[in-house]
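Residue numbers (the working numbering): 215 to 370.
C-beta atoms are modelled at their ideal positions from N, C-alpha and C, and glycine is treated no differently.
What you are looking at is a predicted structure, and each value in this text was computed from that prediction instead of being measured.
Okay, structure coming up:
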């Protein structure tokens, strides 16, 4: 809901700050996106950052970018859960017990996320470091591409 919705209904000049957080707030790993309404000051934004910083990271964006941020960050955890679910099922098809497949995928996801966050490297470079010529990884990437996974994620 845009800040203008509230500004039109509240006393004139009432400051409004729009925030979209995500479910990782439940484990203090949220990404909360913050935008100022027309009467919000730096102090109001700083207060919102203080509140939401207690459960993760914050990012200020123009309100015009809030919906895009919601698609990526607000819904993003569900996409990751979906990928983990599918990869766990793949592990089961390969003969692993569900709990072991799940543990392998979750830890791999955590490790990959930390590498992305901390290395400063582009995701392509990190992926290429895992991908050897004619290896299982490049063949799996080809299957993902052939099945339109990248296009589906972009379209979602």
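Assuming residue i and residue j form a contact by the criterion Cβ under 8 Å, report the distance between their Cβ atoms to the nearest whole angstrom.
i: residue 229; j: residue 249; result: That pair is no contact at about 12 Å.
i: residue 251; j: residue 217; result: 3 Å
i: residue 298; j: residue 328; result: At roughly 16 Å, the Cβ-Cβ gap does not stay under 8 Å, so residue 298 and residue 328 are not in contact.
i: residue 367; j: residue 293; result: 7 Å
i: residue 239; j: residue 270; result: 6 Å
i: residue 232; j: residue 279; result: Not quite, the Cβ-Cβ distance comes to about 11 Å (not below 8 Å), so this is no contact.
i: residue 305; j: residue 318; result: 7 Å
With H, G and I counted as helix, E and B as strand and the rest as coil, what does DSSP make of residue i?
i: residue 278; result: helix
i: residue 224; result: coil
i: residue 340; result: helix
i: residue 265; result: helix
i: residue 368; result: helix
i: residue 310; result: coil
i: residue 351; result: helix
i: residue 230; result: coil
i: residue 246; result: strand
i: residue 334; result: coil
i: residue 237; result: helix
i: residue 284; result: helix
i: residue 251; result: coil
Tell me whether residue i is buried or exposed, calling it buried when 16 or more other Cβ atoms sit within 10 Å of its Cβ.
i: residue 331; result: exposed
i: residue 343; result: exposed
i: residue 254; result: buried
Give the single residue among the options whose Cα lies nearest to the Cα of residue i.
i: residue 245; options: 232, 323 and 272; result: 272
i: residue 315; options: 326, 301 and 243; result: 301
i: residue 288; options: 235, 296 and 264; result: 235
i: residue 369; options: 285, 259, 222 and 256; result: 285
i: residue 283; options: 247, 219 and 242; result: 247
i: residue 323; options: 341, 309 and 308; result: 341
i: residue 338; options: 348, 355, 349 and 220; result: 355
* Asked: Is it true that the stretch 279-295 meets the stretch 257-267, where meeting means three or more beta-carbon pairs spaced less than 8 Å apart?
  -> no
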